[in-house]
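> Dumping the structure here so I can ask a few things about it.
Protein chains: 2
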Amino acid sequence: MARTQTTTAQNYLKELYQLQQRSDGHAPVPLGQLADSVGVTPGTATTMVKRFAGDGLMRYTPRRGARLTPKGEKVALGVLRRHRIVETFLVQHLGLDWSEVHEEAEVLEHAVSEKVLDRLDALLGHPTTDPHGSPIPPAHGKMQRVAMRPLSRCKAGQRVTIGRLLDTAPGFLKLAETLGLVPDTQVRIVEVNEDADAVTVRIGRRKPATLGLAAADKIMVSND
Amino acid sequence: MARTQTTTAQNYLKELYQLQQRSDGHAPVPLGQLADSVGVTPGTATTMVKRFAGDGLMRYTPRRGARLTPKGEKVALGVLRRHRIVETFLVQHLGLDWSEVHEEAEVLEHAVSEKVLDRLDALLGHPTTDPHGSPIPPAHGKMQRVAMRPLSRCKAGQRVTIGRLLDTAPGFLKLAETLGLVPDTQVRIVEVNEDADAVTVRIGRRKPATLGLAAADKIMVSND
DNA sequence: ATGAACACTTTGATTATTCAAAATAAATAT
DNA sequence: ATATTTATTTTGAATAATCAAAGTGTTCAT
Numbered sequence: 001m002a003r004t005q006t007t008t009a010q011n012y013l014k015e016l017y018q019l020q021q022r023s024d025g026h027a028p029v030p031l032g033q034l035a036d037s038v039g040v041t042p043g044t045a046t047t048m049v050k051r052f053a054g055d056g057l058m059r060y061t062p063r064r065g066a067r068l069t070p071k072g073e074k075v076a077l078g079v080l081r082r083h084r085i086v087e088t089f090l091v092q093h094l095g096l097d098w099s100e101v102h103e104e105a106e107v108l109e110h111a112v113s114e115k116v117l118d119r120l121d122a123l124l125g126h127p128t129t130d131p132h133g134s135p136i137p138p139a140h141g142k143m144q145r146v147a148m149r150p151l152s153r154c155k156a157g158q159r160v161t162i163g164r165l166l167d168t169a170p171g172f173l174k175l176a177e178t179l180g181l182v183p184d185t186q187v188r189i190v191e192v193n194e195d196a197d198a199v200t201v202r203i204g205r206r207k208p209a210t211l212g213l214a215a216a217d218k219i220m221v222s223n224d
Numbered sequence: 001m002a003r004t005q006t007t008t009a010q011n012y013l014k015e016l017y018q019l020q021q022r023s024d025g026h027a028p029v030p031l032g033q034l035a036d037s038v039g040v041t042p043g044t045a046t047t048m049v050k051r052f053a054g055d056g057l058m059r060y061t062p063r064r065g066a067r068l069t070p071k072g073e074k075v076a077l078g079v080l081r082r083h084r085i086v087e088t089f090l091v092q093h094l095g096l097d098w099s100e101v102h103e104e105a106e107v108l109e110h111a112v113s114e115k116v117l118d119r120l121d122a123l124l125g126h127p128t129t130d131p132h133g134s135p136i137p138p139a140h141g142k143m144q145r146v147a148m149r150p151l152s153r154c155k156a157g158q159r160v161t162i163g164r165l166l167d168t169a170p171g172f173l174k175l176a177e178t179l180g181l182v183p184d185t186q187v188r189i190v191e192v193n194e195d196a197d198a199v200t201v202r203i204g205r206r207k208p209a210t211l212g213l214a215a216a217d218k219i220m221v222s223n224d
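Chains as they are written, first to last, in my numbering: chain C, 1 to 224; chain W, 1 to 224.
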């Protein structure tokens, strides 16, 4: 049965889910990474993960790492769904800036009931992505998987559409907004310079913008 | 500084505030009552209240009871404000039934930031009462005090307006709704029978409704 | 007054979550 | 291979919040 419902558990599950997505390939996620994401010391993560494993929410191999079980993944997707629907609501109906809604949603995701969530979802017209372009897990059924690649791996001359921003830090999002790098925007790759560690892009007739590769790594795009 | 910010502390403060309102007169509220309201055993309330007293949030006299300090009251009013604005939002914008929003708000009141609260408040047009007629404490300044008396203390023949429902239990609210006893409704007192422990009221041409005095006690009215 | 009743407080434990620091294992470099 | 570094786990302890049950003070009725 387990305390699938505590804020703490939900956070561990949610973070693990996201770490699995990134470095995917069915390899377990090292607990140090999980500890970082959750914001606890490594020792704490070890303790907690062992408990979640006992609850059937994670599969844990000492010294190697952890993975979500199907049961744990279901919970994680629920949390992510709440998070992203709340974010969408905050932007679309309360007019908050997209750079600040992540933090708000971190708290609200644990306080919104199924019923309220459904109403929000309906009010928003059953959105499939949040303001940062991240997919909103459906209430039932599998998550749709959209093929995207990071802006850092594009070639000069290509025309692509911004799909999703992977970094939720307000500073990063504020910058992206300023540059016009928001989901559904068409962008032309002006130059990719591995040596200078930079990508230069251009939106319409705006003045070109240059980003470091680390930043460009966190901007996912799809072909026009 | 104290942990004014934990959900638990906020609940104790909020409940104490409400108990003070009822049996007011600057007399301390017995901890047994507070324990009941918060939903903990008496021993727990004693432990907690001593801590809050140490934090300057309550004034505590052993064996007599507790009262909020001005500082504690400020926190309590903030919680109440969040609770009631959230309730109003849930009813007016998400279409939840007024009988169920109290429970939802019990959780959300601890998750809504100042910024989100302000936006909700603006979206709702700065309401002064929640769906049950309870006053919403203003962001700054004193709470307005409206003179009302319980329906149980009315006399036959009087015409009064329903102002506020004091009981938040879904069952009670559902009943009140069915009978039409919702805020701002005009009601005529048909009969008050102390012996039968009942009050009979009539709304417009509807068929008269009879309530026990205990229920009528929880319905506050004002003169037409 | 005198002893029940009742309300409140104390005590001793428990659960959930966390940290710091010591111990251990694995990976890397020399 | 051996030593060093790095990552992970263990251990011991702390904090917040709670309960059950025993203890104590008050009040009330006789």
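Ideal Cβ placement from N, Cα and C applies to all residues, glycine included.
In chain order, what residues of the stretch 103 to 131 of chain C put their CB closer than 8 Å to some CB of chain W?
Listed by position, the residues of the stretch 103 to 131 of chain C near chain W (Cβ gap below 8 Å) are Glu104, Val107, Leu108, His110, Ala111, Val112, Ser113, Lys115, Val116, Arg119, Leu120 and Leu123.
> What is the DSSP secondary structure of Arg81(C), counted as helix, strand or coil?
The answer is helix: DSSP assigns Arg81(C) an H, G or I state.
> If I'm right that Leu123(W) touches Leu96(C) with Cβ under 8 Å, what's the distance once you round it to whole angstroms?
Actually they do not touch by this definition, with Cβ atoms about 12 Å apart.
> Whole angstroms is fine: what's the gap from Asn11(W)'s alpha carbon to Gly25(W)'s?
For Asn11(W) and Gly25(W), the distance between alpha carbons rounds to 22 Å.
> May I have a chain-ordered list of the alpha helix (DSSP H) segments no shorter than 4 residues that lie completely inside the stretch 80 to 153 of chain W?
The stretch 80 to 153 of chain W contains these whole alpha helix (DSSP H) runs: 101 to 108 and 114 to 123.
> Leaving aside the five residues before and after Thr69(W) along the sequence, list all residues of the same chain whose C-beta is less than 8 Å from its C-beta, in chain order.
Gly56, Leu57, Met58 and Arg59.
> Given that Gly95(W) touches chain C, what residues does it touch there, using C-beta distances under 8 Å?
Within chain C, the residues near Gly95(W) are Arg119.
> Are the CB atoms of Ile219(C) and Leu165(C) within a distance shorter than 8 Å?
Contact: yes.
> Looking at the strands, I want to know which residues DSSP matches up with Val201(W).
Beta-bridge pairing links Val201(W) to Ile189(W) and Ala209(W).
> Decide yes or no for the touch test of the stretch 109 to 118 of chain W against the stretch 106 to 116 of chain C: beta carbon pairs closer than 8 Å, at least 3 of them.
Touching, per the Cβ criterion.
> What residue from Gly171(W), Arg188(W), Pro135(W) and Ala176(W) has the CA that sits closest to Cys154(W)'s CA?
Residue Arg188(W) is the option with its Cα nearest to Cys154(W).
> Would you call the stretch 128 to 144 of chain W and the stretch 77 to 86 of chain W in contact, with 3 or more CB pairs under 8 Å?
They touch, by the three-pair rule.
> Throw me the rounded Cβ distance for the Gly65(C) and Pro28(C) pair, which I believe falls under 8 Å.
Contact holds; Cβ gap of about 3 Å.
> Is there a C-beta anywhere in chain W that falls below 8 Å from the one on Leu90(C)?
Interface residue, yes.
> Are the stretch 144 to 152 of chain C and the stretch 211 to 218 of chain C in contact at 8 Å, needing three or more beta carbon pairs?
Judged by Cβ distances under 8 Å, the stretch 144 to 152 of chain C makes contact with the stretch 211 to 218 of chain C, as three or more pairs qualify.
> Under the three-state reduction of DSSP, which class applies to Ser23(C): helix, strand or coil?
Of the three classes helix, strand and coil, the one that applies to Ser23(C) here is coil, per DSSP.
> Which value, in whole angstroms, describes the spacing of the CA atoms of Tyr17(C) and Lys71(C)?
If you take the alpha carbons of Tyr17(C) and Lys71(C), they lie about 12 Å apart.
> Flag this pair as yes or no: are the beta carbons of Pro127(W) and Val101(W) separated by less than 8 Å?
Not closer than 8 Å, so no.
> What are the boundary residues of the alpha helix (DSSP H) that Arg51(W) is part of?
Looking at the DSSP string, the run of the alpha helix (DSSP H) that includes Arg51(W) is Pro42 to Gly54.
> Let me check understanding here. Comparing Cα to Cα, which of Asn193(W), Asn223(W), His140(W) and Thr61(W) lies closest to Val146(W)?
Cα-wise, what sits closest to Val146(W) is Asn223(W).
> What is the DSSP secondary structure of Leu13(W), reduced to helix, strand or coil?
Of the three classes helix, strand and coil, the one that applies to Leu13(W) here is helix, per DSSP.
> When you compare each of Ser37(W), Ala105(W), Arg205(W) and Gln144(W) to Leu179(W) by their alpha carbons, which one comes out closest?
Comparing Cα positions, the closest option is Arg205(W).
> Given this structure, state the Cα-to-Cα distance separating Ala156(C) from Glu191(C), to the nearest angstrom.
Ala156(C) and Glu191(C): Cα-Cα distance of roughly 5 Å.
> Within 10 angstroms of its Cβ, does Pro183(C) collect 16 or more other Cβ (buried), or is it exposed?
Counting Cβ neighbours within 10 Å, Pro183(C) comes out buried, since at least 16 surround it.
> Report the partner residues of Val29(W) according to the DSSP bridge assignment.
DSSP output for Val29(W) lists Ala66(W) as bridge partner(s).
> Whose C-beta lies closer than 6 Å to the C-beta of Pro208(W) among residues of the same chain, with five residues either side of it excluded?
Counting only Cβ-Cβ distances below 6 Å, and skipping sequence neighbours, we find Val190, Thr200 and Arg202.
> For Gly54(W) and Ala169(W), what's the separation of their Cα atoms in angstroms?
In a straight line, the C-alpha of Gly54(W) is about 33 Å away from that of Ala169(W).
> Hey, Val116(W) and Leu90(C): beta-carbon distance below 8 Å or not?
It is a contact, given that the beta carbons lie within the stated cut-off.
> What are the boundary residues of the beta strand (DSSP E) that includes Thr6(W)?
Looking at the DSSP string, Thr6(W) is not in any beta strand (DSSP E), and its letter there is neither H nor E.
> Just the Cα atoms here: how many angstroms apart are Lys50(C) and Glu177(C)?
Lys50(C) and Glu177(C): Cα-Cα distance of roughly 41 Å.
> Considering only the beta carbon of each residue, do Val221(W) and Gly171(W) sit closer than 8 Å?
Going by C-beta atoms, Val221(W) is not nearer than 8 Å to Gly171(W).
> Using a threshold of 8 Å, state whether the C-beta atoms of Thr44(W) and Ala35(W) are closer than that.
In contact: Thr44(W) and Ala35(W) (Cβ atoms closer than 8 Å).
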